[in-house]
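Written below as structure tokens is the structure these notes are about.
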Amino acid sequence: MRYILIALLALASLTSCKNKTEENKETMEEKPAMADMDNGWETLFDGSNFDNFRGYLRDTMPAEWHIEGDAMVFEPGETKANIITRKKYTDFVLSLDWKISEGGNSGVLFGVSEVDSLPEPYQTGPEIQVLDNERHPDAKANPKYHQAGALYDMVQPTQDVWKPAGEWNHFDIMVNHKTNQGSVTLNGTKIVEFPVEGPSWDSLVANSKFKDWKDFGKYETGYIGLQDHDNKVSYKNIKIKSLD
1 MRYILIALLA
11 LASLTSCKNK
21 TEENKETMEE
31 KPAMADMDNG
41 WETLFDGSNF
51 DNFRGYLRDT
61 MPAEWHIEGD
71 AMVFEPGETK
81 ANIITRKKYT
91 DFVLSLDWKI
101 SEGGNSGVLF
111 GVSEVDSLPE
121 PYQTGPEIQV
131 LDNERHPDAK
141 ANPKYHQAGA
151 LYDMVQPTQD
161 VWKPAGEWNH
171 FDIMVNHKTN
181 QGSVTLNGTK
191 IVEFPVEGPS
201 WDSLVANSKF
211 KDWKDFGKYE
221 TGYIGLQDHD
231 NKVSYKNIKI
241 KSLD
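Read in our numbering, the sequence shown has 40 at position 40, and its numbers run on one by one without any break.
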């Protein structure tokens, strides 16, 4: 009986070691995959603080922006409260979630330059539209260059895949001057493609409301901006990957 008990204990010990080895192996296999997923991504907002943002033409965050849960929320106030990243970017993929209020309007800007004589970041930075397509009059314009996901007033979405006001939408915005390509993917569907420089870009600008704006779209390297358009809007899970 004594020898049987020793044999059973030894077998249990070997089984335990094998299970731990397999667990460790699974953990080791998972870690590289997780690392690859995050490789090259810089978190701009994770719900904990505004360290990577500040007000346009100011050093601090406007009081109109606050954190609710894991989201940054803008509530309209008496003064303009556009915000920009603290760092500038050139070639990148920007990933974020957004939720617009009923009848609301906002936008994600890129290539923003701070010019003291220009009170709005959209006077330099092209805008990817954030909109309530169902209720905001901009979405009813024809052609529909103002719908959610549009390169505002220049390139309209090929599909209407937005989720209604009050629901979360997801953007992947790519800007790459090396390949002269830009794109907007909304909720997993690529809906907009555009050049980012050269004659084709100049033609887009010339046929838009920005044709006489001398500083518009002129800066390859600039800030990412989130727009105050006098409507409540929320953003979360904001990260960016430089395309070096």
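Yeah, the Cβ is synthetic: ideal placement off N, Cα and C, and Gly gets one too. Every value quoted in this text rests on a predicted model; they were computed, and no experiment measured them.
Notebook entry, point to check: Which two residues bound the contiguous beta strand (DSSP E) that contains G188?
Noted result: No residue range can be given for G188, since it is assigned to no beta strand (DSSP E) and is classified by DSSP as neither H nor E.
Notebook entry, point to check: Do you know offhand how far K144's Cα is from D172's?
Noted result: K144 and D172: Cα-Cα distance of roughly 20 Å.
Margin query: Buried or exposed for A81, going by 16 or more other Cβ atoms inside 10 Å?
Written below: Counting Cβ neighbours within 10 Å, A81 comes out buried, since at least 16 surround it.
Note to self: On the CB-based measure, 16 or more other CB atoms within 10 Å of its CB, does N105 come out buried or exposed?
What the structure shows: Burial of N105 is indicated by the presence of at least 16 other C-beta atoms within 10 angstroms of its C-beta.
Next item on the list: Take G55 and list the residues in its own chain whose beta-carbon comes closer than 8 Å to its own, dropping the five residues that flank it on each side.
Entry: M61, P62, A81, N82, I83 and I84.
Check: With a CB to CB cut of under 8 Å and the five nearest residues on each side skipped, what residues in its chain are close to S330?
Finding: Nothing in the structure corresponds to residue 330, since the chain is present only between 1 and 244.
Next item on the list: Between the Cα of V175 and those of D153, G111 and G149, spot the shortest distance and give me the residue it belongs to.
Entry: The residue with the shortest Cα to Cα distance from V175 is G111.
Check: Where does H136 land, buried or exposed, given buried means 16+ other C-beta within 10 angstroms?
Finding: Under this definition H136 is a buried residue.
Notebook entry, point to check: Just how far apart, CA to CA, sit L57 and V115?
Noted result: Computed Cα separation, rounded: 8 Å.
Check: Among all the DSSP beta bridges, which residues are the ones paired with L243?
Finding: The bridge partners DSSP lists for L243 come to none.
Item checked: Distance between L204 and F216 (C-alpha atoms, nearest Å) -> In this structure, the CA atom of F216 is about 12 Å from the CA atom of L204.
Next item on the list: Whole angstroms is fine: what's the gap from D36's alpha carbon to W201's?
Entry: For D36, the pLDDT reaches just 41, beneath the cut-off of 50, and the residue's location in the model is therefore unreliable, leaving the point undetermined.
Margin query: Quick check: the Cα distance between E185 and D59, rounded to an integer number of angstroms?
Written below: The question names Glu, but residue 185 is Thr in the sequence shown. Within the model, the alpha-carbon separation for T185 versus D59 is close to 31 Å.
Margin query: Once the 5 residues before and after W168 are set aside, which same chain residues still bring their CB inside 6 Å of it?
Written below: A distance below 6 Å between beta-carbons, with the five flanking residues on each side excluded, links W168 to the following residues of its chain, in chain order: D97 and K99.
Next item on the list: Assuming Q147 and D132 form a contact by the criterion Cβ under 8 Å, report the distance between their Cβ atoms to the nearest whole angstrom.
Entry: Contact between Q147 and D132 fails: their C-beta atoms lie close to 10 Å from each other, not under 8 Å.
Checklist line | Spatially closest choice to E220 from S101, I240 and K178, by CA coordinates | finding: Looking at the Cα atoms, K178 is the closest of the given residues.
Check: In terms of residues, what are the limits of the beta strand (DSSP E) holding L96?
Finding: Segment F92 to I100, the beta strand (DSSP E) holding L96.
Note to self: With the cut-off set at 8 Å, would you say S95 and V233 are in Cβ contact?
What the structure shows: In this structure, V233 does not lie closer than 8 Å to S95 by Cβ.
Check: To the nearest angstrom, how far is it from the Cα of E68 to the Cα of K236?
Finding: Answer to the nearest angstrom: the Cα atoms are 10 Å apart.
Notebook entry, point to check: From S117, W162, V196 and P121, pick the residue whose C-alpha is nearest to that of M154; which is it?
Noted result: For M154, the closest of S117, W162, V196 and P121 by C-alpha to C-alpha distance is V196.
Check: Mapping DSSP to helix, strand and coil, what is K140?
Finding: For K140, the three-state secondary structure derived from DSSP is helix.
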